[in-house]
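Visitor: Numbering-wise (the UniProt record's numbering), the sequence shown opens with residue 1 and increments by one.
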Amino acid sequence: MRIIYKLNDDREITTTYDSFLEFINDVEFSDVTYLHVSYNNLQTLTPEIGALKSLTYLHVSSNNLQTLPPEIGALKNLTILNVYYNNLQTLPPEICELRHLRYFYTNRNEFEYIFINVQRLMNRLRNTNGIDQQYTDTQSVHKSSVQQSVKQSIYSLMRD
Numbered sequence: 001m002r003i004i005y006k007l008n009d010d011r012e013i014t015t016t017y018d019s020f021l022e023f024i025n026d027v028e029f030s031d032v033t034y035l036h037v038s039y040n041n042l043q044t045l046t047p048e049i050g051a052l053k054s055l056t057y058l059h060v061s062s063n064n065l066q067t068l069p070p071e072i073g074a075l076k077n078l079t080i081l082n083v084y085y086n087n088l089q090t091l092p093p094e095i096c097e098l099r100h101l102r103y104f105y106t107n108r109n110e111f112e113y114i115f116i117n118v119q120r121l122m123n124r125l126r127n128t129n130g131i132d133q134q135y136t137d138t139q140s141v142h143k144s145s146v147q148q149s150v151k152q153s154i155y156s157l158m159r160d
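Structure below.
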């Protein structure tokens, strides 16, 4: 697995690891500000990603990710998140905890369901300067909000 990362002192390091977990265990993760792990055929991103507290840039495009771990929400300093060209079917609601997120690239995924709060975040970023303008999956985003509304209505009826 080829990994490119930068530390707080802006040194860029390109290296190879057998796994993402090996990388996390090897580096002083509190100093990593930039992480580029694209084109590695990753199927999962381990929960340990949440340990990279100084991370401002995460590029995981062109892998085979189907989900992102909820721990992604722990990356409070993240300003750029690039997940395009994966097989993401949904995005965790914890993405909404990324208060500094300004650029969120999501095109070319297989979204089946997007939580309404994530959809609002995507719309907010699209309306300011963040989300990629090439995002073409608005139909499934709309579909997910309809699905979520139906599920919430059914849940509400069953509760009463």
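C-beta: ideal position from N, C-alpha, C; glycine also.
1. Below 8 angstroms, can you find three or more Cβ-Cβ pairs linking the stretch 112-119 to the stretch 82-100?
2. Arg2 and Asn40 - do their beta-carbons sit closer together than 8 angstroms?
3. Under 8 angstroms between C-beta atoms, does Asn64 make it to chain B?
4. Less than 8 angstroms between the beta carbons of Thr56 and Ile80, yes or no?
5. Buried or exposed for Thr14, going by 16 or more other Cβ atoms inside 10 Å?
6. With burial defined as no fewer than 16 other Cβ atoms inside 10 Å of the residue's Cβ, what is the status of Leu65: buried or exposed?
7. Thinking just about the alpha-carbon of each residue, which of His100, Arg99, Val83 is nearest to the one in Glu110?
8. Mapping the DSSP letters down to three states, classify Leu68 as helix, strand or coil.
9. Which of helix, strand or coil does DSSP assign to Arg126?
10. Cβ of Lys6 within 8 angstroms of Cβ of Tyr34?
11. State the start and end residues of the unbroken alpha helix (DSSP H) segment that holds Phe23.
12. Given that a residue counts as buried once 16 or more other Cβ atoms are within 10 Å of its Cβ, and exposed if not, what is Ser19?
13. Using a 10 Å radius around the Cβ and a threshold of 16 neighbouring Cβ atoms, would you call Asn86 buried or exposed?
14. Excluding sequence positions up to five away, which residues of its chain have a Cβ less than 8 angstroms from the Cβ of Ser62?
Guide: Working from what's here:
1. Yes, they touch.
2. Taking the first residue of the sequence shown as position 1, residue 40 is located at position 40. Taking the first residue of the sequence shown as position 1, residue 2 is located at position 2. Contact flag set, yes.
3. Reference to chain B is not applicable here, since this structure consists of a single protein chain.
4. Taking the sequence shown and counting its residues from 1, the one referred to as residue 56 is at position 56. Taking the sequence shown and counting its residues from 1, the one referred to as residue 80 is at position 80. Here Thr56 is near Ile80, since their CB atoms are less than 8 angstroms apart.
5. Reading the sequence shown from its first residue, position 14 is the one you call residue 14. Only exposed fits Thr14, as fewer than 16 other CB atoms lie within 10 angstroms of its CB.
6. As a first step, residue 65 must be located in the sequence shown, where it is residue number 65. Buried: at least 16 other Cβ atoms inside 10 Å.
7. In the sequence shown, counting from the first residue as 1, residue 110 sits at position 110. Answer by Cα proximity: Val83.
8. Taking the first residue of the sequence shown as position 1, residue 68 is located at position 68. Judged by DSSP in its simplified three-state form, Leu68 adopts coil rather than helix or strand.
9. Stepping through the sequence shown from its first residue, residue 126 is reached at position 126. In the structure shown, Arg126 sits in a helix (DSSP, three-state: H, G or I).
10. Indexing the sequence shown from 1 puts residue 6 at position 6. Indexing the sequence shown from 1 puts residue 34 at position 34. Cβ distance < 8 angstroms, so Lys6 and Tyr34 count as in contact.
11. Counting from 1 along the sequence shown, the entry for residue 23 is found at position 23. Start and end: 20-26.
12. Position 19 of the sequence shown, counting from 1, holds the residue named residue 19. With fewer than 16 other Cβ atoms within 10 Å, it is exposed.
13. Walking along the sequence shown from the start, residue 86 turns up at place 86. Buried.
14. Counted from its first residue, the sequence shown places residue 62 at position 62. Cβ neighbours of Ser62 beyond the five flanking positions: Ser38, Tyr39, Tyr84, Tyr85, Asn86.
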